[in-house]
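Report on one structure; see the data block that follows.
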Amino acid sequence: MYNTAIYRLRHIENDKGCLTIAESKNDVPFDIKRVYTITNVPTEEKRGFHAHSRLHQILICLSGSLKIFLDNGNETKTILLDKPYEGLYIGPMIWREMYDFESNTALMVLASDYYNEDEYIRDYDEFLKKANKLYL
Ligand code: TYD
123 MYNTAIYRLR
133 HIENDKGCLT
143 IAESKNDVPF
153 DIKRVYTITN
163 VPTEEKRGFH
173 AHSRLHQILI
183 CLSGSLKIFL
193 DNGNETKTIL
203 LDKPYEGLYI
213 GPMIWREMYD
223 FESNTALMVL
233 ASDYYNEDEY
243 IRDYDEFLKK
253 ANKLYL
């Protein structure tokens, strides 16, 4: 889907465990300016419900699993994230909803910029209007 991709990150896996590497530009397609984590999400909880107008992100599920519903205004897709070496790239103008968090799931997000509420689109109708302009 446009502006989304699964990156299989470099990783070294052996009987000592799994080490995964994400270097700016070498492994992910942007300079990483911010890292945040999402943990302790109750199983019934849903998060996200927004798009970003400019931000690029890579989501990595360090442990546990979750599902991510993606919508570019034209097509939708659901991804299961459950491997620490898989990075889900989400570019600008992709609506996302995160749900079905297994207990003890740890999600790490690499972001291309600092937190800026102004570039969030939290209203789905507004998202659709802006997204549909991209396809006209
Ligand atoms: P939000 O992005 O809405 O979380 P989610 O999509 O996972 O439901 O962020 C939740 C709150 O945290 C919101 O008040 C903004 C704040 N926040 C920051 O202050 N800095 C950050 O880097 C992030 C990601 C969120």
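In this note's numbering, the protein residues as written are 123 to 258.
Ideal Cβ placement from N, Cα and C applies to all residues, glycine included.
- For L250, the closest of L181, G195, A173 and E219 by C-alpha to C-alpha distance is G195.
- The alpha carbon of R156 has as its nearest neighbour, out of H178, H172, T165 and D149, the alpha carbon of H178.
- When DSSP states are grouped into helix, strand and coil, E167 belongs to the coil group.
- CA-to-CA, the gap between Y236 and I180 works out to about 14 Å.
- In this structure, T159 sits near L229, with a CB-CB distance shorter than 8 Å.
- Ordered along the chain, residues surrounding the ligand TYD are Y158, R169, G170 and Y237 [Cβ under 5 Å from any heavy atom].
- Between Y221 and K189, the C-beta gap is smaller than 8 Å, which places the two residues in contact.
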